[in-house]
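Just below is one structure, and these are the notes that go with it.
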Amino acid sequence: GSRLRYSIPIDSLSFSYEIRTEETAAACAAPPEDGVYIDGFFLDGARWDREKRQLADSRPTVMYDTLPVIHFVPTPHFERSEKDYECPLYKTAVRAGVLSTTGQSTNFVVAVDMPTDRDPDYWVAMGTAMLCALAS
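In our numbering, the protein residues as written are 76 to 211.
Quick look at the structure:
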């Protein structure tokens, strides 16, 4: 895996994220040189503006939006931009899950940095989250 290729201590490895234009991983011309392309995520509490490539308000009556492919890039000591919204990714739409021994919900996967032209607190207030699946 990537971790071995670079011999990076696992505790210093984090991910940066690139939200691509392709809607499916199969549509990508070639596998990424590093990391992984993942498709099939849903966005709750916002939509992905494919022209501006940033978060936007949900359309009326549309509860969940689909997201294009996201490139998870292993990045040592990644420093996130404070301007991005740290969007939680949950396994299912039942966000609460069970609290694990670490105090994190067992339903929580990772926080994905998403570009926005608003204060990230706006998306926090909207309860914006990414979901792996809509039904459990």
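Heads up, the beta-carbon is just placed ideally off N, CA and C, and yes, glycines get one too.
So, helix, strand or coil for residue i, using DSSP?
| i | result |
| --- | --- |
| Val185 | strand |
| Ser77 | Because the pLDDT at Ser77 is just 47, under 50, the model does not fix this residue reliably, and the value given afterwards should be weighed accordingly. In this structure, Ser77 counts as helix in the three-state DSSP scheme. |
| Val111 | strand |
Tell me which residue opens and which closes the beta strand (DSSP E) that residue i is part of.
| i | result |
| --- | --- |
| Asp192 | Unbroken run through Asp192: none, as it is neither H nor E. |
| Phe90 | 88-94 |
| Ala204 | 204-206 |
| Arg122 | 122-124 |
| Leu118 | 117-119 |
Give the single residue among the options whose Cα lies nearest to the Cα of residue i.
| i | options | result |
| --- | --- | --- |
| Asp132 | Phe183, Leu206, Met201 | Met201 |
| Pro106 | Val144, Gly115, Thr136, Arg134 | Val144 |
| Glu93 | Tyr139, His146, Thr99 | His146 |
| Asp159 | Val187, Tyr165, Pro149 | Val187 |
| Leu88 | Phe153, Val137, Asp119 | Phe153 |
| Thr99 | Ser91, Phe90, Tyr112 | Tyr112 |
Is any heavy atom in the ligand SAH found nearer than 7 Å to the beta carbon of residue i?
| i | result |
| --- | --- |
| Phe183 | This structure simply doesn't include the ligand SAH, nor any ligand for that matter. |
Please report the distance separating the alpha-carbon of residue i from that of residue j.
| i | j | result |
| --- | --- | --- |
| Trp123 | Asp140 | 7 Å |
| Thr203 | Pro151 | 27 Å |
**OP:** Note down, one range per segment and in chain order, each beta strand (DSSP E) of at least 3 residues found wholly within the stretch 131-162.
**Re:** 139-141, 145-151
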